[in-house]
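Enquirer:
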Amino acid sequence: MLTFALPKGRMLQTCLKLLEEMHMPCKKIEKRGRELVIEEEQVRYILVKPMDVPTYVHHGVADAAFVGSDVIWETGASLVEIADTKEGLCRLAIAGPKSLAERFMKHKSSLMGIKIATKYPRITKQYFSHRGIQPEIIPLKGSIELAPILGLSDGILDIVQTGETLRANGLHVLEEVAQVSLRIVANNKSIHEHWDKLIRFIEKTRILKERKHR
Numbered sequence: 001m002l003t004f005a006l007p008k009g010r011m012l013q014t015c016l017k018l019l020e021e022m023h024m025p026c027k028k029i030e031k032r033g034r035e036l037v038i039e040e041e042q043v044r045y046i047l048v049k050p051m052d053v054p055t056y057v058h059h060g061v062a063d064a065a066f067v068g069s070d071v072i073w074e075t076g077a078s079l080v081e082i083a084d085t086k087e088g089l090c091r092l093a094i095a096g097p098k099s100l101a102e103r104f105m106k107h108k109s110s111l112m113g114i115k116i117a118t119k120y121p122r123i124t125k126q127y128f129s130h131r132g133i134q135p136e137i138i139p140l141k142g143s144i145e146l147a148p149i150l151g152l153s154d155g156i157l158d159i160v161q162t163g164e165t166l167r168a169n170g171l172h173v174l175e176e177v178a179q180v181s182l183r184i185v186a187n188n189k190s191i192h193e194h195w196d197k198l199i200r201f202i203e204k205t206r207i208l209k210e211r212k213h214r
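100 is the number that the UniProt record's numbering gives to position 100 of the sequence shown; each next residue is one higher, with no gaps.
See the structure below:
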C-alpha cells in the first residue's frame, strides 16, 4: 500500500481536488472526523502540518506527498521531486512599509542589520546572504504582517497571494523571492519500491496540466 502525506490547512482542499481529478480514491478524507490516518483502496493518507511533510517523506514514513516548493526550500530535506502540479500558485516576497522601500532603493549597505520577521528563517538567511547582507531574523509562526506595524521588524518575508492583506496593513511588496507551487515528492526508497504507482501520479499530473493549458 502506498502511503501519501497531505498538508493540513489551506492547501488540503487543493490537494483533494487534484486527487479527484486524478481519479484517486479520497472520499473518506472528505468525510473524516479528527482522524489523521485514512485508508482508501490501495492508498493510505496521512494528514500532517505543511512544514512536517518533508520529514515524513524523508524518513520513509510516507512514500510520497503533496508539498509546497516553499516548504521544500525551507526544510532543506533530501527529496525527489517527481512533478510540479502548477497548483497553489503564489510567491514568496519581501514586504514592508514605505520607509523600507526607500532603503531598498539605496545602496545595499543601508540594509545591513535589517530586521525581517518570517516563518522562513532558512530562506531569509540564504536570500539576504547571497546579496552580502546579514539580516536580523525574527522567527514568527503567524500574523507576520503585525511585526513591522508594531515595530518588531523592519519588514517581512512571507507568502503573498493577492497582496490584499499587505495593502490593508500599509505594507508593499519590495522584492519577489520565488514563485511557489504545489509539488509531488517522494523518497529514494519509494521511487524504487513503488515506481509503478508513482508513475501514475506523474502521468496524471502531466495530462491535467496539458488540459488546463490548452
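For every residue, glycine included, the Cβ atom is placed at its ideal position computed from N, Cα and C.
1) Hey, would you say Thr3 sits closer than 8 Å to Ile46, going by beta carbons?
2) With the cut-off set at 8 Å, would you say Ala83 and Val160 are in Cβ contact?
3) Any idea what DSSP makes of Val160, helix, strand or coil?
4) Can you check DSSP and say which residues form a bridge with Arg91?
5) Could you check if Ile149 is buried or exposed, using at least 16 other CB atoms within 10 Å of its CB as the buried criterion?
6) What span of residues does the beta strand (DSSP E) with Pro25 cover, start to end?
7) Nearest to Lys141 by alpha carbon, out of Gln126, Val185, Leu157 and Gly170?
8) Give the single residue among Val57, Lys125 and Met105 whose Cα lies nearest to the Cα of Gly113.
9) What residue range does the beta strand (DSSP E) around Tyr45 cover?
10) For Arg32, count neighbouring C-beta atoms within 10 Å of its own C-beta (all shown protein chains included) and say buried if the count is 16 or more, exposed if not.
11) Give every residue of the same chain whose Cβ lies closer than 7 Å to the Cβ of Ser69, excluding the five residues on either side of it in the sequence, and list them in chain order.
12) Do the CB positions of Val53 and Ala95 come within less than 8 Å of each other?
13) Taking 8 Å as the cut-off, decide whether the C-beta atoms of Ile123 and Pro135 are in contact.
14) Sort Leu146, Leu16 and Leu152 by Cα distance to Asn169 and report the nearest one.
15) Taking just the CA atoms, how far does Val185 sit from Asp196?
16) Please state the DSSP three-state secondary structure of Lys86.
17) Around the C-beta of Ala178, are 16 or more other C-beta atoms found within 10 angstroms, so that it is buried, or is it exposed?
18) Straight-line CA distance for Ala64 to Arg131?
19) Identify which residue in Lys204, Arg200 and Asn188 has its Cα closest to the Cα of Gly60.
20) Give the single residue among Lys108, Ile133 and Ile137 whose Cα lies nearest to the Cα of Pro121.
21) Would you report the Cα separation of Glu41 and Thr55, rounded to the nearest angstrom?
22) Please go through the same chain and pick out, in chain order, the residues whose beta-carbon is closer than 8 Å to the beta-carbon of Ala77, but skip the five residues on each side of it.
23) For Val43 and Asp154, I'd like the C-alpha separation in whole angstroms.
Expert: The answer reads as follows:
1) For the 8 Å CB-CB criterion, Thr3 and Ile46 form a contact.
2) no
3) strand
4) Per DSSP, the beta-bridge partners of Arg91 are Val160 and Gln179.
5) Exposed, by the Cβ-count rule.
6) Note, Pro25: premise wrong, no beta strand (DSSP E); not H, not E.
7) Leu157
8) Lys125
9) Val43 to Val48
10) exposed
11) Excluding residues up to 5 positions away in sequence, Val180, Ser181 and Arg183 lie with their Cβ nearer than 7 Å to the Cβ of Ser69 in the same chain.
12) no
13) no
14) Leu146
15) If you take the alpha carbons of Asp196 and Val185, they lie about 15 Å apart.
16) coil
17) exposed
18) 34 Å
19) Asn188
20) Ile137
21) Glu41 and Thr55 have their alpha carbons spaced roughly 25 Å apart.
22) Pro54, Thr55, Val57 and His58
23) 46 Å
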